[in-house]
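Undergrad: Going from the sequence shown to our numbering is simple: count from 1 and add 289.
Using N, Cα and C, we set each Cβ at its ideal position, and we do this for glycine too.
Take this structure, written in structure tokens, and hold onto it; I'll ask about it next.
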Amino acid sequence: MTTGTGKIKVSTARILVVDDEPEITEIIQTFLENVGYQVMAENSSVMGVERARNFKPDLILLDISMPHMDGYDVCKELKKSKVTSNIPVVFLSGRDAKEDGGRSFQSGGDMYIKKPFSCERLLDIVRVVLSSLNR
Numbered sequence: 290m291t292t293g294t295g296k297i298k299v300s301t302a303r304i305l306v307v308d309d310e311p312e313i314t315e316i317i318q319t320f321l322e323n324v325g326y327q328v329m330a331e332n333s334s335v336m337g338v339e340r341a342r343n344f345k346p347d348l349i350l351l352d353i354s355m356p357h358m359d360g361y362d363v364c365k366e367l368k369k370s371k372v373t374s375n376i377p378v379v380f381l382s383g384r385d386a387k388e389d390g391g392r393s394f395q396s397g398g399d400m401y402i403k404k405p406f407s408c409e410r411l412l413d414i415v416r417v418v419l420s421s422l423n424r
């Protein structure tokens, strides 16, 4: 959600969570909604791309390891589209941070967080990324 100045009101931002593990998306969605964000979740990478185009989130939280299309390919696809190219992407992964972190940025991601993570850590990252959009 943007204000009349084009800046995002951090507390009412729209966040899309894409992770093939329903338990993860449910935990993240519930937590972020409880602190005031509007959250949409998808458990399919393909549906995540479609939802990003229609929902037009202010931020995408994206798992890397997913069937059909991994998070890197999802991010590359989103960055090619005029509608979604400017949406920041925070990658979520349980794999090696050195390998995934580098590939995350190469594919267009803005930040990377290693699973498992605390909800408080995730919230800190969400706030940092959304605040950077307002500068």
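What span of residues does the beta strand (DSSP E) with Met400 cover, start to end?
TA: Looking up residue 400 in the sequence shown gives position 111. Start and end: Met400 to Lys403.
Undergrad: Find out if the Cβ-Cβ distance for the pair Ala341, Thr319 is shorter than 8 angstroms.
TA: Walking along the sequence shown from the start, residue 341 turns up at place 52. Walking along the sequence shown from the start, residue 319 turns up at place 30. No; because the gap between Cβ atoms is not below 8 angstroms, this pair is not in contact.
Undergrad: Smallest Cα separation from Val379: which of Thr314, Val418 and Asn423?
TA: Here residue 379 is taken as the residue at index 90 of the sequence shown, counted from 1. The shortest C-alpha separation from Val379 is found at Val418.
Undergrad: Any chance the region 359–372 sits against the region 400–413, with 3 or more Cβ pairs inside 8 angstroms?
TA: The region 359–372 is not in contact with the region 400–413.
Undergrad: Can you list, in chain order, the residues of its chain whose CB lies under 6 angstroms from that of Arg410, leaving out five sequence neighbours each side?
TA: In the sequence shown, residue 410 corresponds to position 121, counting from 1. Excluding positions up to five away in sequence, the list is empty.
Undergrad: Which residue marks the beginning of the beta strand (DSSP E) containing Glu331, and which one marks its end?
TA: Along the sequence shown, one-based indexing puts residue 331 at 42. Taken as a continuous stretch (DSSP letters only), the beta strand (DSSP E) holding Glu331 covers Gln327 to Glu331.
Undergrad: Can you look up Pro413 in the DSSP assignment and give me helix, strand or coil?
TA: For the purposes of this step, residue 413 is taken as the residue at position 124 of the sequence shown. Correcting the residue identity first, residue 413 is Asp in this sequence and not Pro. Looking at Asp413 - three-state DSSP - the assignment turns out to be helix.
Undergrad: Taking the C-alpha atoms as reference points, what is the distance between Thr294 and Val307?
TA: Along the sequence shown, one-based indexing puts residue 294 at 5. Along the sequence shown, one-based indexing puts residue 307 at 18. In this prediction, Thr294 scores a pLDDT of 40, lower than 50, which makes its location untrustworthy; no coordinate-derived value is stated.
Undergrad: What do you reckon, are the CB atoms on Asn332 and Pro356 nearer than 8 angstroms?
TA: The count along the sequence shown starts at 1 and reaches residue 332 at position 43. The count along the sequence shown starts at 1 and reaches residue 356 at position 67. Result no, Cβ atoms of Asn332 and Pro356 do not sit closer than 8 angstroms.
Undergrad: Give the single residue among Met358, Tyr361, Met329 and Gly398 whose Cα lies nearest to the Cα of Ile275.
TA: Since the first residue of the chain shown is 290 and the last is 424, residue 275 is not available in this structure.
Undergrad: Pop quiz: Arg384 and Asp347 are said to be a contact at Cβ under 8 angstroms. What is the actual Cβ separation, rounded to whole angstroms?
TA: For the purposes of this step, residue 384 is taken as residue 95 along the sequence shown, with counting starting at 1. For the purposes of this step, residue 347 is taken as residue 58 along the sequence shown, with counting starting at 1. About 26 angstroms separates the two Cβ atoms, so there is no contact after all.
Undergrad: Less than 8 angstroms between the beta carbons of Leu381 and Leu350, yes or no?
TA: If you number the sequence shown from 1, residue 381 lands on position 92. If you number the sequence shown from 1, residue 350 lands on position 61. Yes.
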